[in-house]
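Under the UniProt record's numbering, think of the first position of the sequence shown as 1, with each following residue one higher. Ideal placement from N, C-alpha and C gives every residue a C-beta, glycine not left out. Worksheet: one structure, shown below.
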Amino acid sequence: MGELWRERSENARREYVSKGDGTLQARLLDDNRPLKHKLVDGFLDQFFPVGYPQSVGEGYLTYSQFRALQHFSSAILSVFSTQSLVFAAGLRPTPAQATVISWVLKDGMQHIGKLVGSRMGARMDSEPKRWRIFADVLYDAGTALEMISPACPQYFLGVAGLANLAKGVAMVTARATRLPLYTAFAKEGNLSDLYAKGEAMSTLANVAGLGVGIRLASSACTSLQGKLLVAPLLSVIHLYSVMEEMRAVPLDTLNAQRTAMLVADYLELGRVPSPAEIRYRERLILPVKPNVHAGSVRIANDILQIPSGKIRELKHRFQSERFLLDFHETSTEMVLHHSASGEDVVRGWLLAACSSKEASLSDAYSRVDKMLPEFLSQLKSRGWQTQLFLHGSAARAFW
Numbered sequence: 001m002g003e004l005w006r007e008r009s010e011n012a013r014r015e016y017v018s019k020g021d022g023t024l025q026a027r028l029l030d031d032n033r034p035l036k037h038k039l040v041d042g043f044l045d046q047f048f049p050v051g052y053p054q055s056v057g058e059g060y061l062t063y064s065q066f067r068a069l070q071h072f073s074s075a076i077l078s079v080f081s082t083q084s085l086v087f088a089a090g091l092r093p094t095p096a097q098a099t100v101i102s103w104v105l106k107d108g109m110q111h112i113g114k115l116v117g118s119r120m121g122a123r124m125d126s127e128p129k130r131w132r133i134f135a136d137v138l139y140d141a142g143t144a145l146e147m148i149s150p151a152c153p154q155y156f157l158g159v160a161g162l163a164n165l166a167k168g169v170a171m172v173t174a175r176a177t178r179l180p181l182y183t184a185f186a187k188e189g190n191l192s193d194l195y196a197k198g199e200a201m202s203t204l205a206n207v208a209g210l211g212v213g214i215r216l217a218s219s220a221c222t223s224l225q226g227k228l229l230v231a232p233l234l235s236v237i238h239l240y241s242v243m244e245e246m247r248a249v250p251l252d253t254l255n256a257q258r259t260a261m262l263v264a265d266y267l268e269l270g271r272v273p274s275p276a277e278i279r280y281r282e283r284l285i286l287p288v289k290p291n292v293h294a295g296s297v298r299i300a301n302d303i304l305q306i307p308s309g310k311i312r313e314l315k316h317r318f319q320s321e322r323f324l325l326d327f328h329e330t331s332t333e334m335v336l337h338h339s340a341s342g343e344d345v346v347r348g349w350l351l352a353a354c355s356s357k358e359a360s361l362s363d364a365y366s367r368v369d370k371m372l373p374e375f376l377s378q379l380k381s382r383g384w385q386t387q388l389f390l391h392g393s394a395a396r397a398f399w
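Here it is, written out as structure tokens:
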């Protein structure tokens, strides 16, 4: 008998036998697995990428679980808000009327909100997690405005329009941050598969949430008082889910916060943490303070803050670099050249950190020249992308 092997494709299982003449004989196998195993495999095929879990990055399951919970709770809230809009407009809550009102409002203020949100695209690249959370907070604020609209029917258009403006900004922000978040999990170039399966899971959660929302809206939450009791709990679940969802994402790009943590860890421990190790240490809501263990570096958002005479002095001092460092007592301001790469920024950050500990800049340079090759090697081996530095609001200079 020739060589035998089996394959599984979608729901079919086949057996192949290699015959002596070089041809293959195939036959379809009966699937005798228990029903439980069939259902589990069918669910994985429908909602998870091919090759899961080997084909995705660490944390994808946690991300998916909280994403489903986020969409489930958000869908229930959307039912409440749509019903409230209908009541505020003085109409009976029929599905057709709810759809008409929803589209009239969305086509106006929501599109304006999308234009407003699109202006912040560059900032979203450097902090997609933070902006994704901001999007959901803003979306819940818009939903809250829609739900309270029956309490002020005379201001219905203004309140509903403001709600949809907030939702428009939230929607474009959420969509803009989706790609870098999915990219963090694509281990085998399977970004499209990840995206498709993620959207399928979100759709399933949304449908389930809509069903529960319709049931609640027609029973316990028919009145405004009922909605105001249940909606805050749903909003807490929604925002907690998106927080945990974002914490699970192992972004491998360099921004100010992650670079500072990497430099601090290397100087203190002699090793570089991986994206998966550093993800739970990122600050996603509160402002990020300069890391004192990494030179307290701030990326200059406006070069005009530095006097022109000081700029000339710094250009002379760092003439061979693609960055300028302006040292202060409690912090260091870093000005980036327009062509500065991620490795240039890492070098500048290391220099700033070493300058705070060495007696002179020349001593700091000597230390950096010894450490930098090993530091960059560890960054690359641990999975960090060093070719780019993302800081959307930073000014870039020419000299």
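Count the other CB atoms, across all protein chains shown, that sit within 10 Å of the CB of residue i; report buried if there are 16 or more and exposed otherwise.
| i | result |
| --- | --- |
| residue 152 | exposed |
| residue 36 | exposed |
| residue 383 | exposed |
| residue 296 | buried |
| residue 330 | exposed |
| residue 308 | exposed |
| residue 301 | exposed |
| residue 50 | exposed |
| residue 42 | exposed |
| residue 10 | Confidence at residue 10 is low in this model, with a pLDDT of 48, below 50, so the placement of that residue should be treated as unreliable; the coordinate-derived value is given next. Exposed: under 16 other Cβ atoms inside 10 Å. |
| residue 168 | buried |
My output table needs one value for residue i: the three-state DSSP class, helix, strand or coil.
| i | result |
| --- | --- |
| residue 222 | coil |
| residue 333 | strand |
| residue 175 | helix |
| residue 251 | coil |
| residue 327 | strand |
| residue 236 | helix |
| residue 271 | coil |
| residue 131 | helix |
| residue 51 | coil |
| residue 376 | helix |
| residue 318 | coil |
| residue 381 | helix |
| residue 78 | helix |
Identify, in the order they occur along the chain, each residue of the same chain with its Cβ nearer than 6 Å to the Cβ of residue i, setting aside the five sequence neighbours on each side.
| i | result |
| --- | --- |
| residue 71 | 202, 205, 206 |
| residue 259 | 349 |
| residue 230 | 221 |
| residue 299 | 256, 334, 391, 394 |
| residue 161 | 109 |
Going by Cα to Cα distance, which pick from the options is closest to residue i?
| i | options | result |
| --- | --- | --- |
| residue 272 | 226, 380, 299 | 380 |
| residue 86 | 169, 149, 174, 77 | 149 |
| residue 220 | 80, 366, 306, 319 | 80 |
| residue 261 | 391, 293, 388 | 293 |
| residue 185 | 239, 61, 214 | 61 |
| residue 322 | 396, 376, 40 | 396 |
| residue 65 | 228, 240, 275, 83 | 240 |
| residue 84 | 140, 217, 335 | 217 |
| residue 144 | 132, 188, 234 | 234 |
| residue 263 | 342, 243, 319 | 342 |
Residues in the same chain with beta-carbon distance under 7 Å from residue i, minus the five sequence neighbours each way, listed in chain order, please.
| i | result |
| --- | --- |
| residue 172 | 114, 117, 118 |
| residue 268 | 293 |
| residue 195 | 182 |
| residue 127 | 255 |
Since residue i sits in a beta bridge, which residues does DSSP pair it with?
| i | result |
| --- | --- |
| residue 397 | 337 |
| residue 186 | 56 |
| residue 389 | 254 |
| residue 297 | 332 |
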